[in-house]
Amino acid sequence: MIPEFPDLGLLHFLNDPSVRSALWIGTMAAMLNGVIGVFAILRSQAFAGHALGDISSAGGAAAVFTGISALWGFLGMAWLAALVLSALGLKRAGERDLVTGVVLGGGLGISALFLYLDATGSSYSGAAVSIMFGSLFGIPGSMVLPVILSAMAGLLLVLLCYHPLLLVAADPDLARVMGVPAAFLETLYLLLLGLAAAISALTVGAILATALLLGPAGAAIHLARHPAQAFLYAAGIAFFCVVAGIYLAYESFYWFDGMAWPVSFFVVVLVLLSYLLAAAGSRIGIRQGRQTPAGATR
Amino acid sequence: MSSLISSSVGEEQNMLLLLEVAGLQVQIAGRSVLEDLDFRLDRGQFCALIGENGAGKTTLLRAILGLQPVRQGSIRIQGKPASELRGQIGYVPQKIAFDPNLPLRTRDLVELGLKGNRFGFRGFFGNTRSAVAAALAAVDGEGFADQRIGRLSGGQQQRAVIAHALVRRPPLLLLDEPLANLDFRSTNTLVQMLGRLVREEKITVLVTAHDMNPLLPFLDRLIYLAHGRAAVGDVDTVVQDGVLSHLYGYPVTVLRHQGRILVLPEDPRQGMETACPAHREAEHGEPGP
Numbered sequence: 005m006i007p008e009f010p011d012l013g014l015l016h017f018l019n020d021p022s023v024r025s026a027l028w029i030g031t032m033a034a035m036l037n038g039v040i041g042v043f044a045i046l047r048s049q050a051f052a053g054h055a056l057g058d059i060s061s062a063g064g065a066a067a068v069f070t071g072i073s074a075l076w077g078f079l080g081m082a083w084l085a086a087l088v089l090s091a092l093g094l095k096r097a098g099e100r101d102l103v104t105g106v107v108l109g110g111g112l113g114i115s116a117l118f119l120y121l122d123a124t125g126s127s128y129s130g131a132a133v134s135i136m137f138g139s140l141f142g143i144p145g146s147m148v149l150p151v152i153l154s155a156m157a158g159l160l161l162v163l164l165c166y167h168p169l170l171l172v173a174a175d176p177d178l179a180r181v182m183g184v185p186a187a188f189l190e191t192l193y194l195l196l197l198g199l200a201a202a203i204s205a206l207t208v209g210a211i212l213a214t215a216l217l218l219g220p221a222g223a224a225i226h227l228a229r230h231p232a233q234a235f236l237y238a239a240g241i242a243f244f245c246v247v248a249g250i251y252l253a254y255e256s257f258y259w260f261d262g263m264a265w266p267v268s269f270f271v272v273v274l275v276l277l278s279y280l281l282a283a284a285g286s287r288i289g290i291r292q293g294r295q296t297p298a299g300a301t302r
Numbered sequence: 002m003s004s005l006i007s008s009s010v011g012e013e014q015n016m017l018l019l020l021e022v023a024g025l026q027v028q029i030a031g032r033s034v035l036e037d038l039d040f041r042l043d044r045g046q047f048c049a050l051i052g053e054n055g056a057g058k059t060t061l062l063r064a065i066l067g068l069q070p071v072r073q074g075s076i077r078i079q080g081k082p083a084s085e086l087r088g089q090i091g092y093v094p095q096k097i098a099f100d101p102n103l104p105l106r107t108r109d110l111v112e113l114g115l116k117g118n119r120f121g122f123r124g125f126f127g128n129t130r131s132a133v134a135a136a137l138a139a140v141d142g143e144g145f146a147d148q149r150i151g152r153l154s155g156g157q158q159q160r161a162v163i164a165h166a167l168v169r170r171p172p173l174l175l176l177d178e179p180l181a182n183l184d185f186r187s188t189n190t191l192v193q194m195l196g197r198l199v200r201e202e203k204i205t206v207l208v209t210a211h212d213m214n215p216l217l218p219f220l221d222r223l224i225y226l227a228h229g230r231a232a233v234g235d236v237d238t239v240v241q242d243g244v245l246s247h248l249y250g251y252p253v254t255v256l257r258h259q260g261r262i263l264v265l266p267e268d269p270r271q272g273m274e275t276a277c278p279a280h281r282e283a284e285h286g287e288p289g290p
């Protein structure tokens, strides 16, 4: 499936099979998280996105303990939490954040149990670090296809429900009046959020999953003038951060005498820088009158 | 007792009949909100739904929209049950407050009025430009078409939502307390705009309000709600001491002065005038974004 590359000069890192797996998984994580992250911010549910990423660590830890693949561990736990949040179906933002916080606490408690069991019982001592902070180069190649298929399925669902999802995010009342099944979309959205968080957790770790979900989307929302632009920018920024992060991590092996720095570090730093640049850029844009600042038209 | 003034729509006028509410009863949490409501609205009528807080105005709108379960009675629009027309009626909610950071322009919101309920790939095809432009023109919204919706003033956001509702050319447009948070000038602009929609587009507009006065120059019909019952007809027939006293179940005085109307229900339980439909925004007021 993955062809051998000839001598590529600057792109020599593509010759490494673990890099190629990392690029596939990272690209899928970037596209899905960029798109779903925009919805999370539009719906003011950034905290739920963050929580699902963190909670998925329990699944990752359980996967190590039981020997199943990490992706299914992350995904199973993220979806379980998503269904709990969906079943509670809370409307007011304050109440929602409270319950999300409670569910997050419970999830992390389960995570603590399995990380303890992993540490005492298994032969793999680095489990905690790799679950929490990721080990993109250590993911087996057999994971590539399931990640591509599930991310593509997620993106296809977003496309199929694009306009209703957007209207529910903008104003749920207007959506209900138009006959949009708001409760169904709420559950669908939370499951997609869980999928994005799980693939992000696999890429940069459960704790850092939130960075890939919210950072590029937040940057894109600063820059974009309309919804389609926001989704494209978010996916693009996330893609850039992941690919550049993988490249820098690979190269760092040569900078530090064979002690490569973690991919997650580079990805997250690039995400932060993009967000700061976008926020600064949109301020400058406002000052130049390209956009109207809040309240100026009143 | 049910309908104090029955609408006198003859058989020959049934072509014009748009909305028919018959024997409508709604209960919320065991409490009767609407009791045996009957009225009819014709195509191209400007109608106000007047009543105090808790009189059931929003409940009636939600029932027409199919969002509120009905205990008894029927709501038919163009001869069909309202539930079949769900999604085709225009609605402008009272609370409009978009996040200033939404990357959503006014024209995007208006476009969602057409595409917001389209699943599958249909939403990505079909040219909506001219429909969106026409809806924006109808609310004089061309000037802020490309601005982020959350950064508009309250009045502009309201016009944007009206355009969102108009773009699918609804036969009936419902507005919940559209005048509640507007100053004098914006109120006049909005009422004139709605009057123009009724005349030129032949849309039936139903507006809820505490105060009927700003609407008076344009009103074709008035539904006066009190204690779950309604009096229906044109303004002069409904807003009379006798009719409203019957509706409230205690004496009501109607004062007319220079074309303005003041209704003074004299609630015996409180021994004083309880409601004058003057400006009472403070009770309902939602701060603008």
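Protein chains in written order, with the working numbering: chain A, 5 to 302; chain B, 2 to 290. Backbone N, C-alpha and C fix where the C-beta goes; we use that ideal spot for every residue, glycine too.
Backbone CA spacing between residue i and residue j [nearest angstrom]
{"i": "B/Glu-12", "j": "B/Leu-223", "result": "Low confidence applies here, because B/Glu-12 scores a pLDDT of 48, under 50, leaving its location unreliable; read the following figure in that light. The straight-line gap from Cα to Cα measures roughly 21 angstroms."}
{"i": "A/Trp-28", "j": "A/Gly-138", "result": "15 angstroms"}
{"i": "A/Leu-108", "j": "B/Ala-231", "result": "51 angstroms"}
{"i": "A/Arg-47", "j": "A/Glu-190", "result": "10 angstroms"}
{"i": "A/Phe-257", "j": "A/Pro-266", "result": "10 angstroms"}
{"i": "A/Thr-104", "j": "A/Leu-194", "result": "12 angstroms"}
{"i": "B/Glu-143", "j": "B/Thr-107", "result": "9 angstroms"}
{"i": "A/Met-136", "j": "B/Gln-148", "result": "41 angstroms"}
{"i": "B/Asp-39", "j": "B/Leu-66", "result": "17 angstroms"}
{"i": "B/Gly-168", "j": "B/Leu-20", "result": "Note on identity: in this sequence residue 168 of chain B is Val, with Gly being the wrong assignment. Their backbone Cα atoms lie some 20 angstroms apart in a straight line."}
{"i": "A/Tyr-237", "j": "B/Leu-183", "result": "37 angstroms"}
{"i": "B/Asn-54", "j": "B/His-211", "result": "8 angstroms"}
{"i": "A/Asp-175", "j": "B/Pro-104", "result": "13 angstroms"}
{"i": "B/Thr-205", "j": "B/Leu-176", "result": "11 angstroms"}
{"i": "A/Asn-19", "j": "A/Ala-210", "result": "28 angstroms"}
{"i": "A/Ala-313", "j": "A/Ala-62", "result": "Coverage of chain A is limited to positions 5 through 302, which leaves residue 313 of chain A absent and any answer about it impossible."}
{"i": "B/Ala-139", "j": "B/Leu-198", "result": "7 angstroms"}
{"i": "A/Ala-248", "j": "A/Ala-264", "result": "15 angstroms"}
{"i": "A/Ala-232", "j": "A/Ala-187", "result": "24 angstroms"}
{"i": "A/Ala-173", "j": "A/His-167", "result": "10 angstroms"}
{"i": "B/Leu-217", "j": "B/Leu-42", "result": "17 angstroms"}
{"i": "A/Pro-144", "j": "A/Ile-288", "result": "44 angstroms"}
{"i": "A/Leu-165", "j": "A/Ala-155", "result": "Reading the sequence as shown, one finds Cys at residue 165 of chain A and not Leu. If I take the Cα positions, the gap works out to 15 angstroms."}
{"i": "A/Leu-199", "j": "B/Arg-77", "result": "44 angstroms"}
{"i": "A/Phe-9", "j": "A/His-230", "result": "Residue confidence for A/Phe-9 is low, a pLDDT of 49 falling below 50, so the modelled location carries little weight; the figure read from the coordinates is stated next. So the alpha carbons of these two residues sit roughly 39 angstroms apart."}
Cβ neighbours of residue i in the same chain (closer than 7 angstroms, five flanking residues each side left out)
{"i": "B/Lys-58", "result": "Leu-50, Gly-52, Thr-209 and Leu-226"}
{"i": "B/Gln-303", "result": "No answer is possible for residue 303 of chain B: it lies beyond the span of chain B, which begins at 2 and ends at 290."}
{"i": "A/Ile-225", "result": "Val-42, Ile-45 and Ala-234"}
{"i": "B/Ala-56", "result": "Leu-226 and Ala-227"}
{"i": "B/Ile-150", "result": "Phe-99, Leu-103, Leu-105, Arg-106, Thr-107, Leu-110, Gln-158 and Ala-161"}
{"i": "B/Arg-261", "result": "Asn-214"}
{"i": "B/Phe-145", "result": "Thr-107, Leu-153 and Gln-157"}
Bridge-paired residues (DSSP) for residue i
{"i": "B/Ala-210", "result": "B/Ile-51"}
{"i": "B/Leu-25", "result": "B/Leu-38"}
{"i": "B/Thr-254", "result": "B/Leu-265"}
{"i": "B/Val-233", "result": "B/Ile-224"}
{"i": "B/Leu-20", "result": "B/Leu-42 and B/Ile-78"}
{"i": "B/Arg-149", "result": "B/Arg-106"}
{"i": "B/Arg-32", "result": "B/Ile-29"}
Beta-carbon contacts of residue i that lie in its chain and below 8 angstroms, excluding the five residues immediately before and after
{"i": "A/Ala-44", "result": "Ala-50, Ala-52, Gly-53, Leu-197, Leu-217, Leu-218 and Ala-221"}
{"i": "A/Leu-357", "result": "With chain A covering only 5 through 302, there is no way to say anything about residue 357 of chain A."}
{"i": "A/Asp-122", "result": "Ala-65, Val-68, Phe-69, Tyr-128, Ala-131 and Ala-132"}
Cutoff 6 angstroms; reference residue i; Cβ partners in own chain excluding five residues on either side
{"i": "A/Ala-223", "result": "Ile-241, Ser-278, Tyr-279 and Ala-282"}
{"i": "B/Ala-1", "result": "Absent from the structure is residue 1 of chain B, since the part of chain B shown begins at 2 and ends at 290."}
{"i": "B/Arg-87", "result": "Gly-67"}
{"i": "B/Glu-284", "result": "At B/Glu-284 the pLDDT is 40, less than 50, meaning the model places this residue with poor confidence; the figure from the coordinates comes in the next sentence. If we look at B/Glu-284 and ignore the five residues flanking it on each side, it has no Cβ neighbours."}
{"i": "B/Lys-116", "result": "Gly-124"}
{"i": "A/Ala-228", "result": "Ala-234 and Tyr-237"}
{"i": "A/Ser-22", "result": "Phe-141"}
Under 8 angstroms (Cβ pairs) to chain B, residues found in the segment 149-163 of chain A: Leu-163
Along the chain, which unbroken stretches of the alpha helix (DSSP H) at least 4 residues long are found entirely within the segment 34-93 of chain B? 58-66
Which runs of the alpha helix (DSSP H) fall wholly inside the segment 20-98 of chain A and span at least 4 residues, in chain order? 21-46, 50-70 and 74-92
Against chain B, which members of the segment 31-57 of chain A pass a CB distance test of less than 9 angstroms? Val-42, Ile-45, Leu-46 and Ser-48
Closer than 7 angstroms, Cβ to Cβ, to anything on chain A: give me those residues from the segment 176-197 of chain B, in chain order. none
Quick one: which unbroken alpha helix (DSSP H) runs of 4-plus residues sit fully inside the segment 175-241 of chain A? Chain order, please. 176-181, 186-208 and 213-227
Suppose only complete runs of 4+ residues qualify. What are the alpha helix (DSSP H) ranges in the segment 162-225 of chain B, listed by chain order? 185-202
Ranges of the alpha helix (DSSP H) found wholly within the segment 96-176 of chain A, counting only runs of at least 4: 97-125, 131-137, 148-164 and 166-174
With 8 angstroms as the C-beta to C-beta threshold (strictly closer), list the residues of the segment 70-94 of chain B near chain A in chain order. Arg-87, Gly-88, Ile-90, Tyr-92 and Pro-94
Residues of the segment 118-146 of chain B in Cβ contact with chain A at a cutoff of 8 angstroms, in chain order, please. Asn-118, Arg-119, Phe-120, Gly-121, Phe-122, Gly-124, Phe-125 and Phe-145
Can you give me, in chain order, the residues of the segment 212-225 of chain A that have a beta carbon less than 7 angstroms from any beta carbon in chain B? Ile-225
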